[in-house]
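Residues 6 to 362, numbered by our numbering, are exactly what the sequence shown covers, in order.
Every residue, glycine too, gets a C-beta built ideally from N, C-alpha and C.
In what follows, a structure is listed as structure tokens, so that the remarks can point back to it.
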Amino acid sequence: MITRVFKAAAAVAAGVVLFSCSGNSGEEDGQVILEADKTSIVGNGTDAVTFTVRYGSADVTSEAEIICENDGSVLDEPVFASAAAGPYSFKARYQEMESASVPVTVIEDTQDVPDEPDEPSRFVKKVCILEFTGQWCQQCPAGMQYLNFVIQMNYEDIAHVIAIHNASGGSDNYVLPEESNLGISDHFGLNGYPAAAIDMRDVVYLNSDGGQLRGLLGTAADRHPRCGIGVRSSYSGQSSSAEVTVSLMPEVEQPYKLAVYVVEDNIKDQQAGEGLYNHRHVARHVVSESFYGDNLGTLSDGQETERTYTVSIDSAWNLDETYIYAVALDENGYALNMSFCPIKDGNAPYLYVSGQE
6 MITRVFKAAA AVAAGVVLFS CSGNSGEEDG QVILEADKTS IVGNGTDAVT FTVRYGSADV
66 TSEAEIICEN DGSVLDEPVF ASAAAGPYSF KARYQEMESA SVPVTVIEDT QDVPDEPDEP
126 SRFVKKVCIL EFTGQWCQQC PAGMQYLNFV IQMNYEDIAH VIAIHNASGG SDNYVLPEES
186 NLGISDHFGL NGYPAAAIDM RDVVYLNSDG GQLRGLLGTA ADRHPRCGIG VRSSYSGQSS
246 SAEVTVSLMP EVEQPYKLAV YVVEDNIKDQ QAGEGLYNHR HVARHVVSES FYGDNLGTLS
306 DGQETERTYT VSIDSAWNLD ETYIYAVALD ENGYALNMSF CPIKDGNAPY LYVSGQE
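Now the structure itself:
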């Protein structure tokens with residue numbers, strides 16, 4: 006991911022004139038120079054380049070803009086990290102002047118990437134998207150609209166969203182206790198909102214993704230799921246609870262984890278910049294011990310396992326719009342496959358590739 010958000014408004018307020026003029030790379034006074042502390046990084050989302058902008062001998066980094074020329078976006082901080090391998094180019098803009106371009110190469114991260122199984126999966130692969138949002142976030146509705154557009158155009162019924170609300174920028178009625186106490190968003194090292202974690206591994210910023218979202222979703226959809234997952238829920242109005250059973254059928258011998266969420270859709274409530282707003286796919290409760298998942302241990306091919314949970318129903322949930330989402334994870338916490346069903350007597354059995362039952 007590119008760690009950036011647009012800050013044109015701040016630049017205008019500071020009196021920076023935002024139009025292009027010819028750049029120079031000379032070292033004499035009067036020239037804008039962009040310096041990078043390294044020219045290549047590993048594409049793991051954490052290895053980063055730090056930039057410095059100089060005007061003559063003066064350090065003007067805090068007053069300048071650093072622009073990714075790949076998509077024209079502006080870095081929020083003078084730091085760049087990415088999970089997408091490839092060549093990138095940056096320039097600095099200070100007052101009416103621009104620096105020469107500085108190239109940065111992102112090298113594919115191959116560490117701890119397991120080999121893909123030789124045989125195709127019998128199970129349909131579903132992509133899990135954690136969307137990071139908040140009622141205080143004015144840009145988040147546009148981010149969600151973009152996310153939904155990409156899903157509907159390319160990955161409908163393949164990619165599914167769990168919205169994790171955060172109150173770091175203001176109040177929010179839907180912050181999970183697990184978010185406040187465990188820091189789900191902190192786990193992903195977010196630099197801004199709105200953002201999304203694709204299969205809980207690749208982070209993309211939805212207001213300035215530079216086309217990364219489609220590529221990351223395509224990669225995730227093509228990745229071997231390594232298991233099938235099914236979920237069913239039996240609701241009791243008398244006890245105001247639901248008994249949820251999640252089944253997992255491994256195809257590859259490896260460690261597995263299981264994360265289970267209660268997700269409510271179509272909640273009408275306030276949103277900054279929008280007024281009354283339709284909040285989608287809101288995580289209301291983490292059923293498993295944590296969002297990191299319950300440890301199932303190492304399972305061999307065909308060694309089916311089940312976990313049963315009792316979910317106490319919150320009176321605030323609209324049960325006709327509430328679902329159980331179950332996500333199979335590997336030992337790194339990356340999502341392998343997922344399934345979901347209504348909390349009221351829902352049933353989603355293993356979903357097989359046609360002809361592979």
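Across the set Ala-340, Tyr-240, Ala-201 and Val-109, the C-alpha of Ala-340 shows the shortest separation from the C-alpha of Val-265. In the DSSP assignment, His-192 falls within the alpha helix (DSSP H) that extends over 189-192. Its chain contains Arg-127, Phe-128, Val-129 and Gly-233 as the residues whose beta carbon lies nearer than 8 Å to that of Tyr-357, once the 5 sequence neighbours on both sides are disregarded; these appear in chain order. Asn-271 and Ser-45 have their C-alpha atoms roughly 44 Å apart. Restricted to the stretch 274-336, the beta strand (DSSP E) segments that are unbroken, complete and at least 3 residues in length are 280-284, 287-291, 299-304, 310-317 and 327-334, listed in chain order. Annotation for Thr-66: Thr-57, Val-58 and Pro-83 place their beta carbon closer than 6 Å to its own, counting only its chain and skipping 5 residues before and after. Contact between Ala-225 and Ile-203 is confirmed by a C-beta separation of about 5 Å, below the 8 Å threshold. Gly-48: member of the beta strand (DSSP E) spanning 45-48, first to last residue. The C-beta distance from Leu-263 to Ala-333 rounds to 6 Å, short enough to meet the 8 Å contact threshold. Here Leu-253 carries a strand assignment [DSSP, helix/strand/coil].
Rounded to whole angstroms, the Cβ separation of Val-316 and Val-292 is 6 Å, and the two are in contact under 8 Å.
Within 10 angstroms of the beta-carbon of Leu-152 lie 16 or more other beta-carbons, which makes it buried.
Here Gln-143 has Ala-277 and Gly-278 as same chain residues with Cβ atoms under 7 Å from its own Cβ, once five neighbours each way along the sequence are excluded.
Remark: C-beta atoms of Gln-217 and Ala-89 approach each other more closely than 8 Å. Listed in chain order, the beta strand (DSSP E) runs fully inside the stretch 123-178 are 132-138 and 164-170, counting runs of at least 3 residues. Rounded to whole angstroms, Ala-201 and Gly-148 show a C-alpha spacing of 9 Å. Bounds of the alpha helix (DSSP H) holding Arg-219 are 217-227. Judged by DSSP in its simplified three-state form, Pro-182 adopts helix. If one requires a minimum length of 3 residues, the beta strand (DSSP E) runs lying completely within the stretch 69-118 are 70-73, 91-99 and 107-113, in chain order. Trp-141 and Pro-182 have their C-alpha atoms spaced approximately 18 Å apart.
Residue environment: Phe-137 is assigned as buried (16 or more neighbouring CB atoms within 10 Å of its CB, all protein chains considered). The three-state secondary structure of Thr-51, taken from DSSP, is coil. Judged by their CB atoms, Asp-52 and Ala-86 are nearer to each other than the 8 Å cut-off. Collapsing the DSSP output to three states places Ser-67 in a helix. Within 10 angstroms of the beta-carbon of Thr-110 lie fewer than 16 other beta-carbons, which makes it exposed.
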